[in-house]
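Sequences listed follow chains A and B, in order.
The opening position of the first sequence corresponds to residue 31 in the working numbering, with each subsequent residue numbered one higher.
The opening position of the second sequence corresponds to residue 60 in the working numbering, with each subsequent residue numbered one higher.
To keep things clear, I will list the structure first and then write my remarks on it.
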Amino acid sequence: MSGDNGHGVAVRIEACGKTFADGTRALEPTTLDITAGEAVVLLGPSGCGKTTMLRIIAGLEQPDGGGRILFNGADVSQLPIERRNVGMVFQSYALFPNMSVADNIAYGLKVRGVARKERADRVAELVQLTNIAGLERRRIGQLSGGQRQRVALARAVAIRPSVLLLDEPLTALDAALRDRLRTELNKLLRALGITTIYVTHDQAEAMEISDRIVVMRKGAIAQVGTPRDIYFAPQSRFVAEFIGAANIIEAAIADGQLQLPGGTLPTVGSAPAAAAIAMVRPEAIQLVDAGTAALTGIVDSISFTGNRQRVSIGGAATQALIVDAPNTINVKVGERVGLAVPREAVRLLPREE
Amino acid sequence: MRGRLIFTGQLAFTLLVAAFLAVPAMLSMSAGVTVNYFRGLQSGVTLNWVYQVFDLYSEAIARSLLIASATLVVTLAVGVPAAYALSVRGGRLSRLVEEVITLPLALPGLAIALALLLTYGGFGSFRRSWLVILAGHVVFTLPFMVRSVMAVFATTDIATLDEGAASLGASPWRRFRDVIVPNARPGILAGSMMVFTLSLGEFNLTWMLHTPLTKTLPVGLADAYASMRLEIASAYTLIFFVMIIPLLLLMQLIADPEQRR
Numbered sequence: 031m032s033g034d035n036g037h038g039v040a041v042r043i044e045a046c047g048k049t050f051a052d053g054t055r056a057l058e059p060t061t062l063d064i065t066a067g068e069a070v071v072l073l074g075p076s077g078c079g080k081t082t083m084l085r086i087i088a089g090l091e092q093p094d095g096g097g098r099i100l101f102n103g104a105d106v107s108q109l110p111i112e113r114r115n116v117g118m119v120f121q122s123y124a125l126f127p128n129m130s131v132a133d134n135i136a137y138g139l140k141v142r143g144v145a146r147k148e149r150a151d152r153v154a155e156l157v158q159l160t161n162i163a164g165l166e167r168r169r170i171g172q173l174s175g176g177q178r179q180r181v182a183l184a185r186a187v188a189i190r191p192s193v194l195l196l197d198e199p200l201t202a203l204d205a206a207l208r209d210r211l212r213t214e215l216n217k218l219l220r221a222l223g224i225t226t227i228y229v230t231h232d233q234a235e236a237m238e239i240s241d242r243i244v245v246m247r248k249g250a251i252a253q254v255g256t257p258r259d260i261y262f263a264p265q266s267r268f269v270a271e272f273i274g275a276a277n278i279i280e281a282a283i284a285d286g287q288l289q290l291p292g293g294t295l296p297t298v299g300s301a302p303a304a305a306a307i308a309m310v311r312p313e314a315i316q317l318v319d320a321g322t323a324a325l326t327g328i329v330d331s332i333s334f335t336g337n338r339q340r341v342s343i344g345g346a347a348t349q350a351l352i353v354d355a356p357n358t359i360n361v362k363v364g365e366r367v368g369l370a371v372p373r374e375a376v377r378l379l380p381r382e383e
Numbered sequence: 060m061r062g063r064l065i066f067t068g069q070l071a072f073t074l075l076v077a078a079f080l081a082v083p084a085m086l087s088m089s090a091g092v093t094v095n096y097f098r099g100l101q102s103g104v105t106l107n108w109v110y111q112v113f114d115l116y117s118e119a120i121a122r123s124l125l126i127a128s129a130t131l132v133v134t135l136a137v138g139v140p141a142a143y144a145l146s147v148r149g150g151r152l153s154r155l156v157e158e159v160i161t162l163p164l165a166l167p168g169l170a171i172a173l174a175l176l177l178t179y180g181g182f183g184s185f186r187r188s189w190l191v192i193l194a195g196h197v198v199f200t201l202p203f204m205v206r207s208v209m210a211v212f213a214t215t216d217i218a219t220l221d222e223g224a225a226s227l228g229a230s231p232w233r234r235f236r237d238v239i240v241p242n243a244r245p246g247i248l249a250g251s252m253m254v255f256t257l258s259l260g261e262f263n264l265t266w267m268l269h270t271p272l273t274k275t276l277p278v279g280l281a282d283a284y285a286s287m288r289l290e291i292a293s294a295y296t297l298i299f300f301v302m303i304i305p306l307l308l309l310m311q312l313i314a315d316p317e318q319r320r
């Protein structure tokens with residue numbers, strides 16, 4: 031199998047669905063290709079099927095009939111997890127309380143019959159890499175949450191897996207630690223260059239870690255794309271609202287303009303429609319002089335968050351519009367303001383749901 | 060002042076309850092070393108009765124130890140893997156199996172014995188050997204082993220530990236040996252303690268299943284009370300206590316550091 035600087039295998043998920051014994055459909059038949067060395071994040075709210083998909087790739091769940099998992103083109107669907115050579119980090123870490131940190135990290139190598147000396151070398155290398163040198167002899171019960179997370183990661187990559195699978199690896203940590211570890215984890219995954227499949231419900235985590243994001247909803251893929259694609263060009267209202275903050279505007283289109291109570295908004299070339307749905311990110315809206323603007327509204331509320339201020343504008347659209355304005359702009363509640371939005375920032379979404 | 064009064068009251072009550080339980084046992088044991096129970100301790104103290112018990116019942120005592128050990132071995136070999144399978148698999152079927160295993164707890168020992176006799180009574184050599192008693196004891200004690208191991212599994216999320224070990228390439232047997240059993244130790248020890256002492260003291264089932272040639276310690280005790288002097292039966296009780304109390308203490312000692320960790 032590949033070494034540390036190899037790229038792991040390409041993974042193909044082919045028509046994999048999952049229906050549990052009680053009849054619940056956790057995953058609709060889904061196909062997804064992941065190239066070797068790619069970091070893909072499965073993102074979605076709880077119950078969207080992301081963990082089920084990960085467990086099918088791992089070999090912890092069997093897909094419904096007709097579904098196949100291929101590693102570098104080879105069908106591994108019939109292999110149990112212990113013969114797939116995957117590295118897995120569990121949400122609860124699943125570290126062995128009866129073993130020391132070093133024994134946990136070396137366990138996969140021991141099972142593979144790697145000699146003691148070589149195991150020790152590998153452990154030494156990995157504790158350096160994951161910043162836990164000096165803790166080798168500790169028991170799992172003596173570690174903090176962050177340290178456990180690192181041990182779990184070191185243990186998973188120790189076996190030089192073909193694919194690294196992470197199931198909400200940062201969810202069990204508190205917010206501050208999570209942000210720090212996220213950046214660290216991202217660096218480490220880039221350095222390792224293994225094919226990585228990462229499950230999370232946290233969109234900030236998904237943006238930072240991934241080459242591609244797979245947004246999932248109700249057991250199916252809603253959209254696949256780079257973080258930029260997903261953020262700037264969501265293909266559905268669900269994706270637009272799930273990733274970042276979004277103003278959803280329902281209005282009629284005439285003359286290439288959205289017709290709103292407070293004026294008009296330009297849209298990218300589109301046929302007239304009686305009722306369209308458009309999405310505008312809060313930071314794409316600029317506050318301008320009310321006298322010359324095509325769209326105006328009244329400031330409802332302002333919340334100052336330090337690096338910016340979030341202004342809620344009433345009267346412009348049928349619902350309040352959220353604007354992320356620079357923290358230097360001076361506006362007051364009750365003031366009439368103009369709103370300027372570049373044409374390409376107004377994204378039309380299909381009507382559905 | 061009031062707190063002190065309440066404390067004194069509680070202490071007195073506790074001591075009273077303890078005495079209520081302990082005094083009969085002490086009386087019985089002291090009777091076992093009294094020359095003549097009806098004349099009391101002033102008749103003198105003797106170990107004669109204890110020697111007589113050994114003469115009459117040493118075989119029953121040895122058989123009981125053998126059966127208790129064999130019961131322990133069988134419940135360990137069957138119960139621990141069963142608890143592992145039930146915990147990891149989960150679902151409705153597992154709960155059903157668990158209920159079936161636990162069923163003997165709800166049935167009188169006599170009923171279990173009768174069922175065993177009805178089913179296996181025809182196999183003459185099996186019926187006549189101590190193995191039929193072993194079978195009864197295993198049926199009776201297995202739920203204690205399975206339950207106490209499963210209780211530990213429930214607090215350690217054994218299914219995820221198992222998956223963790225599997226993801227690292229360990230076969231089911233390897234996982235069982237390296238991860239499952241070591242993490243189930245407190246439950247295994249507690250279960251072993253229960254199984255061994257329950258088997259050693261089991262009377263209901265055994266009384267139905269034994270033959271004159273396969274008496275066990277408690278059956279011998281009943282026999283002694285029925286047909287011997289009261290002093291002999293009392294000496295028998297004394298021996299029983301002397302055997303079982305160190306066992307209980309020892310197992311408690313082994314189990315304790317695990318729980319404190």
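For every residue, glycine included, the Cβ atom is placed at its ideal position computed from N, Cα and C.
### Task
May I have the straight-line CA-CA distance separating ALA324/A from PRO372/A, to the nearest angstrom?
Here residue 324/A corresponds to residue number 294 of the first sequence, with the count starting at 1. Here residue 372/A corresponds to residue number 342 of the first sequence, with the count starting at 1. Approximately 12 Å, taken between the alpha carbons.
If you draw a straight line from the C-alpha of ASN134/A to the C-alpha of ARG206/B, how long is it? Within the first sequence, residue 134/A is the residue found at index 104, counting from 1. Within the second sequence, residue 206/B is the residue found at index 147, counting from 1. Cα to Cα, ASN134/A sits roughly 28 Å from ARG206/B.
message = Which of the three DSSP states is assigned to ASP63/A in this structure?
response = Along the first sequence, one-based indexing puts residue 63/A at 33. DSSP places ASP63/A within a strand segment (E or B) once states are collapsed to three.
- Give the interface partners of LEU248/B over in chain A, defined as CB-CB distance under 7 Å, in chain order. Working through the second sequence from its first residue, we reach residue 248/B at position 189. Within chain A, no residue comes near LEU248/B; the closest Cβ sits about 14 Å away, beyond 7 Å.
Does the beta carbon of CYS46/A come closer than 7 Å to any beta carbon on chain B? Along the first sequence, one-based indexing puts residue 46/A at 16. For CYS46/A, the answer is no, since every Cβ of chain B falls outside 7 Å of its Cβ.
**Report entry** Neighbouring residues, chain C, relative to GLY138/A (Cβ below 7 Å)
**Finding:** The displayed structure is made up of protein chains A and B, and chain C is not among them.
Check your understanding: Touch check for the stretch 68 to 83 of chain A and the stretch 143 to 160 of chain A: three-plus C-beta pairs under 8 Å?
Key -> These segments do not touch.
Cβ-based neighbour list, ARG212/A, same chain, cut-off 8 Å, excluding 5 preceding and 5 following: The count along the first sequence starts at 1 and reaches residue 212/A at position 182. These residues qualify, in order along the chain: LEU200, ALA234, GLU235, GLU238, ILE239.
task: Quickly, what does DSSP pair GLN287/A with across the bridge? List them, please.
output: Residue numbering aside, residue 287/A sits at position 257 when the first sequence is read from its first letter. Beta-bridge partners assigned by DSSP to GLN287/A: ALA284/A, PRO296/A.
Through-space distance from HIS231/A to ASP209/A, alpha-carbon basis: Reading the first sequence from its first residue, position 179 is the one you call residue 209/A. Reading the first sequence from its first residue, position 201 is the one you call residue 231/A. C-alpha of ASP209/A to C-alpha of HIS231/A: approximately 14 Å in a straight line.
Using a C-beta to C-beta distance shorter than 8 Å, which residues of chain B count as neighbours of ILE189/A?
Walking along the first sequence from the start, residue 189/A turns up at place 159. Correct list: LEU227, GLY228.
Self-check item: Span of the alpha helix (DSSP H), counted from its first residue to its last, around GLU158/B
Solution: For this step, residue 158/B is matched to residue 99 along the second sequence. Segment 150 to 165, the alpha helix (DSSP H) holding GLU158/B.
Worksheet item: Applying a beta-carbon distance threshold of less than 9 Å, which residues of chain B neighbour VAL116/A?
Response: Here residue 116/A is taken as the residue at index 86 of the first sequence, counted from 1. Near VAL116/A (Cβ distances below 9 Å), the residues of chain B are SER226.
Check: Roughly how many angstroms lie between the CA atoms of ALA66/A and ARG113/A, to the nearest whole one?
Finding: Residue mapping note: residue 66/A aligns to position 36 of the first sequence, counting from 1. Residue mapping note: residue 113/A aligns to position 83 of the first sequence, counting from 1. Distance between the alpha carbons of ALA66/A and ARG113/A: 19 Å.
Discussion item. My output table needs one value for GLY255/A: the three-state DSSP class, helix, strand or coil.
Written reply: Along the first sequence, one-based indexing puts residue 255/A at 225. Correct three-state label for GLY255/A: strand.
Kindly indicate if chain A contains any beta-carbon less than 7 Å away from that of THR130/B. Position 71 of the second sequence, counting from 1, holds the residue named residue 130/B. Not an interface residue.
* **DSSP state of ARG122/B mapped onto helix, strand, coil** => Position 63 of the second sequence, counted from the first residue, corresponds to residue 122/B. Reduced to three states, the DSSP call for ARG122/B is helix.
Applying a beta-carbon distance threshold of less than 7 Å, which residues of chain B neighbour SER122/A? In the first sequence, counting from the first residue as 1, residue 122/A sits at position 92. Within chain B, the residues near SER122/A are ASP216, THR219.
Just the Cα atoms here: how many angstroms apart are LEU100/A and ASP197/A? Counted from its first residue, the first sequence places residue 100/A at position 70. Counted from its first residue, the first sequence places residue 197/A at position 167. Rounded to the nearest angstrom, the two C-alpha atoms are 20 Å apart.
* **Own chain, CB closer than 7 Å to GLU313/A, minus 5 neighbours either side, in chain order** => By one-based count along the first sequence, residue 313/A stands at place 283. The answer, listed in chain order, is ASP354.
>> What does DSSP give as the partner residue(s) for ILE278/A in the beta ladder?
In response: If you number the first sequence from 1, residue 278/A lands on position 248. Within the DSSP bridge table, the entry for ILE278/A names MET309/A as partners.
Check the Cβ-Cβ distances between PHE50/A and every residue of chain B, and say whether any is below 7 Å.
Along the first sequence, read from residue 1 onward, the residue named residue 50/A stands at position 20. For PHE50/A, not one C-beta of chain B is nearer than 7 Å to its own C-beta.
Helix, strand or coil: which one does DSSP assign to ILE192/B?
Numbered from 1 along the second sequence, position 133 holds the residue referred to as residue 192/B. Of the three classes helix, strand and coil, the one that applies to ILE192/B here is helix, per DSSP.
Pairwise C-alpha distance: LEU259/B and THR273/B: Counting from one through the second sequence, the residue named residue 273/B turns up at place 214. Counting from one through the second sequence, the residue named residue 259/B turns up at place 200. One C-alpha to the other measures close to 14 Å.
Practice task
Please work out which residues of its chain come closer than 8 Å, Cβ to Cβ, to PHE300/B, disregarding the five sequence neighbours upstream and downstream, and give them in chain order.
Solution key: Numbered from its first residue, the second sequence carries residue 300/B at position 241. Within the same chain, ALA84, MET88 come within 8 Å of PHE300/B by CB-CB distance, once the 5 residues on both sides are set aside.
Any idea if ALA77/B is buried or exposed, counting beta-carbon neighbours within 10 angstroms, 16 or more meaning buried? Counting from one through the second sequence, the residue named residue 77/B turns up at place 18. Classification for ALA77/B: exposed.
Taking 7 Å as the cut-off, decide whether the C-beta atoms of SER246/B and LEU201/B are in contact. Against the second sequence, residue 246/B aligns to sequence position 187. Against the second sequence, residue 201/B aligns to sequence position 142. Per the sequence presented here, residue 246/B reads as Gly, with Ser not at that position. No.
Practice item. Any chance you could list the alpha helix (DSSP H) runs of at least 4 consecutive residues sitting entirely within the stretch 153 to 207 of chain A, in chain order? Key: For the stretch 153 to 207 of chain A, whole alpha helix (DSSP H) runs of length 4 or above, ordered along the chain, are 175 to 188.
*Is THR222/B close to chain A, meaning its C-beta is less than 7 Å from at least one C-beta of that chain?*
Against the second sequence, residue 222/B aligns to sequence position 163. In the sequence as presented, Thr is not what sits at residue 222/B; that position holds Glu. Between GLU222/B and chain A, the shortest Cβ-Cβ separation is below 7 Å.
Requested in this report: Would you mind giving the Cβ-Cβ distance between TYR261/A and ALA69/A, rounded to the nearest angstrom? I have them listed as a contact below 8 Å.
Outcome: For the purposes of this step, residue 261/A is taken as residue 231 along the first sequence, with counting starting at 1. For the purposes of this step, residue 69/A is taken as residue 39 along the first sequence, with counting starting at 1. Distance from TYR261/A to ALA69/A at the Cβ level is roughly 17 Å; contact not present, criterion being Cβ atoms closer than 8 Å.
- [ ] Have a look at GLN92/A and LEU308/B and give me their C-alpha separation to the nearest angstrom.
- [x] As a working mapping, residue 92/A is identified with position 62 in the first sequence. As a working mapping, residue 308/B is identified with position 249 in the second sequence. Approximately 48 Å between the Cα atoms of the pair.
Cβ shell of MET31/A (< 7 Å), same chain only, five flanking positions each side left out:
Here residue 31/A is taken as the residue at index 1 of the first sequence, counted from 1. Residue placement at MET31/A is flagged as unreliable, the pLDDT there being 41, under the threshold of 50; the coordinate-derived value follows with that caveat. Same-chain partners within the cutoff: ASN115, ARG190, SER192.
Practice problem: Could you check what DSSP says for THR81/A in three-state terms: helix, strand or coil? | Solution: Working through the first sequence from its first residue, we reach residue 81/A at position 51. Reduced to three states, the DSSP call for THR81/A is helix.
Worksheet item: Between the stretch 87 to 110 of chain A and chain B, which residues of the former have a C-beta closer than 9 Å to a C-beta of the latter?
Response: Against chain B - using a Cβ distance shorter than 9 Å - the residues of the stretch 87 to 110 of chain A are ALA88, GLY89, LEU90, PRO110.
Open item on the list: So, with DSSP's three-state summary, where would you put ARG114/A?
Closed with: Working through the first sequence from its first residue, we reach residue 114/A at position 84. ARG114/A: coil per DSSP, three-state reduction.
- prompt: Taking C-alpha atoms, which residue in MET129/A, VAL310/A, ARG152/A lies nearest to LEU173/A?
  reply: The sequence position of residue 173/A within the first sequence is 143, counting from 1. Of MET129/A, VAL310/A, ARG152/A, the residue nearest in Cα terms is MET129/A.
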